[in-house]
Amino acid sequence: MPTIAIIGAGPGLSQSIAKRFGREGFSVGLVSRTQTKLDALAQELGSHGVEAAGFAADVTDPAALAAAIARITERFGEIDVLSFSPSAPADAALAPVAVTELTLEAVRPQLDFYLGGGLTAAQQVLPAMTGRGSGTILFSTGGTSANPGMMPAFGNIAVGAGALRNYALSLHAAVAEQGVYVAHVPLSVWIGHGGPETQPDTIAEHYWTIHTKREGAEHPYVAMP
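Residue numbering for the sequence shown follows UniProt numbering, beginning at 1 and increasing consecutively.
As structure tokens, then:
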């Protein structure tokens with residue numbers, strides 16, 4: 001049975017991604033900061049016939065994140081798909097800062113959150129993926145990563161997410177010939193607010209298509225009001 005590890009698990013888009021891959025026979029390893037919330041998510045997936053378990057870790061803690069991913073591998077076997085799509089917690093250090101007021105101190109937490117978390121997660125699965133010549137890594141960010149001028153008030157977020165985007169596109173080029181598919185998904189959508197195209201289940205289908213078609217390094221999803 002294949003396994004997907006979802007870093008940044010929550011009740012919205014990531015849960016829909018878990019259900020979509022679960023329908024195709026994937027086991028699901030869920031990672032976010034709070035174990036009780038993860039247990040509830042796993043239980044809900046189980047009610048849909050999806051084998052799932054949660055492993056608590058903060059994406060800004062490399063050792064904890066690495067340990068959580070190792071536990072997923074111990075529980076379900078090698079990870080076939082890694083989805084890195086964290087949602088920033090309500091933390092003052094991660095609050096938006098306009099680009100005209102940007103400081104190095106304002107950028108560092110975003111770099112730790114996006115680039116640090118994404119890089120740590122990828123490092124845990126890449127050796128096995130390249131070794132067997134298969135695997136998918138999907139990095140998700142907001143639309144400012146690919147189009148930073150769209151929201152100047154989110155300058156620090158654009159820099160952090162943009163760094164992860166650059167890493168994803170570079171990694172795509174580096175490991176494609178080794179059978180590993182890496183893609184970046186910039187999301188310009190207010191998830192759950194609007195028509196069917198804004199709903200988590202609809203967006204999750206976009207991720208399944210990316211994984212199965214394995215074409216190109218970047219797949220924007222745009223559903224602006």
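Heads up, the beta-carbon is just placed ideally off N, CA and C, and yes, glycines get one too. Remember, it's a predicted structure, so these values are computed and weren't measured experimentally.
So, for S152: in the same chain, excluding its five sequence neighbours on each side, which residues have a beta-carbon less than 8 Å away from its beta-carbon?
Taking the first residue of the sequence shown as position 1, residue 152 is located at position 152. Per the sequence shown, the amino acid found at residue 152 is Pro instead of Ser. Closer than 8 Å at Cβ, skipping near neighbours: A98, V99, T100.
Just to confirm the assignment, what range does the alpha helix (DSSP H) spanning H172 have?
The residue you call residue 172 lines up with position 172 of the sequence shown. H172 -> alpha helix (DSSP H) spans 155-175.
As assigned by DSSP and simplified to three states, the class of I203:
Position 203 of the sequence shown, counted from the start, is the residue given in the question as residue 203. The answer is helix: DSSP assigns I203 an H, G or I state.
With DSSP collapsed to three states, give me the class of L102.
As a first step, residue 102 is located in the sequence shown; it is residue number 102 there, counting from the start. Three-state result, L102: coil.
Check whether the Cβ atoms of V185 and H219 lie closer than 9 Å to each other.
Position 185 of the sequence shown, counted from the start, is the residue given in the question as residue 185. Position 219 of the sequence shown, counted from the start, is the residue given in the question as residue 219. It is a contact, given that the beta carbons lie within the stated cut-off.
Tell me where the beta strand (DSSP E) around I17 begins and ends.
Numbered from 1 along the sequence shown, position 17 holds the residue referred to as residue 17. Looking at the DSSP string, I17 is not in any beta strand (DSSP E); the run it does join, the alpha helix (DSSP H), is 13-23.
Here's the rule: buried if 16 or more other CB atoms are within 10 angstroms of the residue's CB, otherwise exposed. What is V222?
Taking the first residue of the sequence shown as 1, we reach residue 222 at position 222. Exposed, because fewer than 16 other Cβ atoms sit within 10 Å of the Cβ of V222.
Hey, would you say I4 sits closer than 9 Å to V81, going by beta carbons?
Residue mapping note: residue 4 aligns to position 4 of the sequence shown, counting from 1. Residue mapping note: residue 81 aligns to position 81 of the sequence shown, counting from 1. Their beta carbons are under 9 Å apart, which means I4 touches V81 by this criterion.
Unbroken stretches of the alpha helix (DSSP H), 4 residues or longer, contained in the stretch 21-71:
35-47
Quick check: the Cα distance between A174 and A146, rounded to an integer number of angstroms?
Here the question's residue 174 lines up with position 174 in the sequence shown. Here the question's residue 146 lines up with position 146 in the sequence shown. So the alpha carbons of these two residues sit roughly 20 Å apart.
Would K19 and D201 qualify as a contact pair, given that the criterion is a beta-carbon distance under 9 Å?
Counting from one through the sequence shown, the residue named residue 19 turns up at place 19. Counting from one through the sequence shown, the residue named residue 201 turns up at place 201. Yes, these two residues count as a Cβ contact at 9 Å.
Is K213 near the ligand ZN, in the sense that its beta carbon is under 8 Å from a heavy atom of that ligand?
The ligand ZN is not among the ligands present in this structure, which contains no ligands whatsoever.
When you compare only the Cα positions, how much space is there between G77 and M129?
What you label residue 77 is simply residue 77 of the sequence shown in a count that begins at 1. What you label residue 129 is simply residue 129 of the sequence shown in a count that begins at 1. Looking at the two C-alpha atoms, the distance is approximately 12 Å.
C-beta contact flag for G110 and A66 at 9 Å:
Within the sequence shown, numbered from 1, the residue matching residue 110 stands at position 110. Within the sequence shown, numbered from 1, the residue matching residue 66 stands at position 66. Strictly speaking, residue 110 in this sequence is Gln, with Gly absent from that position. Contact: no.
Taking all protein chains shown into account, decide if A63 is buried (16 or more other Cβ within 10 angstroms of its Cβ) or exposed.
Here residue 63 is taken as the residue at index 63 of the sequence shown, counted from 1. It is exposed - the Cβ of A63 has fewer than 16 other Cβ atoms within 10 Å.
From the DSSP output, in three-state form, read off H184 for me.
Against the sequence shown, residue 184 aligns to sequence position 184. In the structure shown, H184 sits in a strand (DSSP, three-state: E or B).
Looking only at its chain, what residues have a beta carbon closer than 6 Å to the beta carbon of F35, apart from the 5 residues adjacent to it on each side?
Within the sequence shown, residue 35 is the residue found at index 35, counting from 1. The identity of residue 35 in the sequence shown is Gln, whereas the question assumes Phe. Cβ neighbours of Q35 beyond the five flanking positions: A56.
Inter-residue spacing [alpha-carbon to alpha-carbon] between G155 and P148
Translated into the one-based positions of the sequence shown, residue 155 becomes position 155. Translated into the one-based positions of the sequence shown, residue 148 becomes position 148. Computed Cα separation, rounded: 7 Å.
Which residue from G131, M150, A40, D58 puts its Cα closest to that of A52?
Position 52 of the sequence shown, counted from the first residue, corresponds to residue 52. Out of G131, M150, A40, D58, A40 has the C-alpha closest to the C-alpha of A52.
State the CB to CB distance for the pair G8 and S14, rounded to an integer number of angstroms; the pair is presumed to be in contact (CB under 8 Å).
Here residue 8 refers to the residue found at position 8 when the sequence shown is read from its first residue. Here residue 14 refers to the residue found at position 14 when the sequence shown is read from its first residue. Correct: roughly 6 Å between the Cβ atoms.
Start and end residues, beta strand (DSSP E) containing G118
Numbered from its first residue, the sequence shown carries residue 118 at position 118. From DSSP, G118 is part of no beta strand (DSSP E) but of the alpha helix (DSSP H) over 117-132.
Are F139 and G116 touching if we call contact CB-CB under 9 Å?
Position 139 of the sequence shown, counted from the start, is the residue given in the question as residue 139. Position 116 of the sequence shown, counted from the start, is the residue given in the question as residue 116. No, Cβ-Cβ distance for F139 and G116 is not below 9 Å.
Own chain residues within Cβ distance below 7 Å of G160, not counting five before or after
Along the sequence shown, one-based indexing puts residue 160 at 160. So the list reads V107, Q110, L111, F113, Y114, L115, once near-sequence residues are dropped.
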